[in-house]
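K.L.:
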Amino acid sequence: MPEWFYDAFSYFVMAYSAFILGSYVFFAILSFLEHKKHYTYHDDDYTIEELKKSPYTPGISIVAPAYNEEKTVITNVQSLLSLDYPDFEVVIVNDGSKDRTLELLIENFELVKVPYAYIEKIKTKPFKGLYKTKSDNPAFKRLTVVDKVNGGTKADASNAGVNVVSNKFFVCTDVDCVLEKNALYRMIWPTMASTRRVIAVSATMRMSNGSLVEDGKMVDPRPPHDFIPLFQDLEYTRSFLIGKTALSRINAMQNVSGGFGMFDREVVIKAGGYDGDSFAEDMDMVARMIRYMCDSGEDYRVVQIPETCCWTEGPPNFKVLNRQRTRWGRGLFQFFTVHRDMLFNRNY
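Counting from 228, one number per residue, gives the positions in the sequence shown under the numbering used here.
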């Protein structure tokens, strides 16, 4: 190799390293300013008490797709129903499960099939029926179970849930995620505090590996013991508390995690809902929501809050981690291909 090649490569490495380091410093400064603003003007306990008393606190729907979850579905649904919030509903979408998921839900929550005019605002695989409880238990009355033909993707099941929910805002999560008891209060607050329309809210997620979870509730959050989940936990912390918080400050956040995020239902429907063909349906939908708002000339915000509201179980070994990251990589490539007209476009 000629000497000029080594010199050019060295300069490239130094320039790239300087750019990466500068980006991290810039993001760290932005996130510090956003955290300082958040904790200066936001008292968590006071906010929760005010939202509990206010007659204007919006209702929230929780959409959780379930496919072959018979081992954990009852515990996880009980956990969702035990959340503290004055007005919420839980919509479980049974996505054509081949095990006893639907039967167990019917047995444990005294569900019966009810007549329902299913309005398909977002196209999904065929709707089979809707179940509500016949029990007098007030917690059970918050539960709705949608039964549908399997669509092969979480996106299709989520769209069915969006078609059914009755509230302006909905939280999309996985049925096996563990939510913090006051998570809904923290998610709704930015929509009430902002002068601009908040179309999506993201919260910090952490690894549940190694934590003490009882009956679907987080009892004692702890760092993961194993090497791979531990580094994923650190990665999540950096991503949410620095990266997404910094982007939220300048209103440039393009991704709300599919594991736990809150969305404006009206904007989601007008943007076309989740794309069942996408490997990154969460990021794709947020991009289409932003496209819709910009094309309509409406001002908007996508917000990241620093509080940990959700724990999820991370891949425990390299094999599962590789499969997850390969899917994420394909999704990111697909995202940039589909939305290439938004790249470096000042209109978005």
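Even glycine gets a Cβ: it sits at the ideal position worked out from N, Cα and C.
Pull up the CB-CB distance for V494 and I426, whole angstroms please, since I reckon it's below 8 Å.
P.N.:
Position 267 of the sequence shown, counted from the first residue, corresponds to residue 494. Position 199 of the sequence shown, counted from the first residue, corresponds to residue 426. Yes, V494 and I426 are in contact; Cβ-Cβ is about 5 Å, under 8 Å.
K.L.:
Should F506 go down as buried or exposed, given a rule of 16 or more other Cβ atoms within 10 Å for buried?
P.N.:
What you label residue 506 is simply residue 279 of the sequence shown in a count that begins at 1. It counts as buried.
K.L.:
For the ligand ADP, is there a heavy atom less than 7 Å away from the beta-carbon of E462?
P.N.:
Ligands in the displayed structure: none, and consequently the ligand ADP is not present.
K.L.:
May I ask you to verify whether the region 377-387 touches the region 248-266, counting CB pairs closer than 8 Å and requiring at least 3?
P.N.:
no
K.L.:
Using CA atoms only, rank isn't needed, just tell me which of L308, M569 and I469 is closest to D522.
P.N.:
Within the sequence shown, residue 522 is the residue found at index 295, counting from 1. Ranking the options by Cα distance to D522, first place goes to M569.
K.L.:
Any idea what DSSP makes of S288, helix, strand or coil?
P.N.:
Stepping through the sequence shown from its first residue, residue 288 is reached at position 61. Looking at S288 - three-state DSSP - the assignment turns out to be strand.
K.L.:
Quick check: P285 and T418, are their CB atoms within less than 8 Å of each other?
P.N.:
By 1-based counting over the sequence shown, the position of residue 285 is 58. By 1-based counting over the sequence shown, the position of residue 418 is 191. T418 is positioned such that its CB atom lies closer than 8 Å to that of P285.
K.L.:
List the whole-angstrom C-beta distance separating D403 from N303, where the pair is believed to meet the contact cut-off of C-beta under 8 Å.
P.N.:
Counting from 1 along the sequence shown, the entry for residue 403 is found at position 176. Counting from 1 along the sequence shown, the entry for residue 303 is found at position 76. Contact holds; Cβ gap of about 6 Å.
K.L.:
Would you say L457 and V446 are within 8 Å of each other, going by their C-beta atoms?
P.N.:
Working through the sequence shown from its first residue, we reach residue 457 at position 230. Working through the sequence shown from its first residue, we reach residue 446 at position 219. For L457 and V446, no; Cβs fall outside 8 Å.
K.L.:
For the beta strand (DSSP E) holding Y173, just list the boundary residues, first then last.
P.N.:
Outside the shown range of the chain, which is 228 to 575, sits residue 173, and nothing can be said about it.
K.L.:
Measure the alpha-carbon distance for N482 versus E508 and round it to whole angstroms.
P.N.:
Position 255 of the sequence shown, counting from 1, holds the residue named residue 482. Position 281 of the sequence shown, counting from 1, holds the residue named residue 508. Between N482 and E508, the C-alpha separation is close to 10 Å.
K.L.:
When you compare the CB of G388 with every CB in chain B, is at least one pair closer than 8 Å?
P.N.:
This model lacks chain B altogether; it includes just one protein chain.
K.L.:
Unbroken alpha helix (DSSP H) runs of length 4 or more, entirely within the region 373-438: which are they?
P.N.:
Complete alpha helix (DSSP H) runs here, min 4: 381-391 and 410-420.
K.L.:
Run through DSSP, which three-state label would T371 get?
P.N.:
Residue numbering aside, residue 371 sits at position 144 when the sequence shown is read from its first letter. DSSP, read as helix, strand or coil, puts T371 in strand.
K.L.:
Reducing DSSP to helix, strand and coil, say where I319 ends up.
P.N.:
Stepping through the sequence shown from its first residue, residue 319 is reached at position 92. Here I319 sits in strand by DSSP.
K.L.:
Mind checking who S530 pairs with in its DSSP beta bridge?
P.N.:
On the sequence shown, position 303 is the one that residue 530 refers to. For the sequence presented, residue 530 should be read as Val rather than Ser. According to DSSP, which records beta bridges pairwise, V530 is partnered with V428.
K.L.:
Count the other CB atoms, across all protein chains shown, that sit within 10 Å of the CB of T351; report buried if there are 16 or more and exposed otherwise.
P.N.:
Taking the sequence shown and counting its residues from 1, the one referred to as residue 351 is at position 124. Buried.
K.L.:
Which same chain residues end up closer than 7 Å to R413 when comparing Cβ atoms and leaving out the 5 residues on each side of it in sequence?
P.N.:
Residue mapping note: residue 413 aligns to position 186 of the sequence shown, counting from 1. Its chain contains A430, I532, E534 and C536 as the residues whose beta carbon lies nearer than 7 Å to that of R413, once the 5 sequence neighbours on both sides are disregarded; these appear in chain order.
K.L.:
For N572, count neighbouring C-beta atoms within 10 Å of its own C-beta (all shown protein chains included) and say buried if the count is 16 or more, exposed if not.
P.N.:
The sequence position of residue 572 within the sequence shown is 345, counting from 1. Per the 10 Å Cβ criterion, exposed.
K.L.:
Can you grab the Cα-Cα spacing for the pair V320 / E407, in whole Å?
P.N.:
Your numbering for residue 320 matches position 93 in the sequence shown. Your numbering for residue 407 matches position 180 in the sequence shown. So the alpha carbons of these two residues sit roughly 21 Å apart.
K.L.:
Does the region 273-287 come close enough to the region 356-376 that 3 or more CB-CB pairs lie under 8 Å?
P.N.:
Per the Cβ contact rule, the region 356-376 is not in contact with the region 273-287 (fewer than 3 Cβ pairs under 8 Å).
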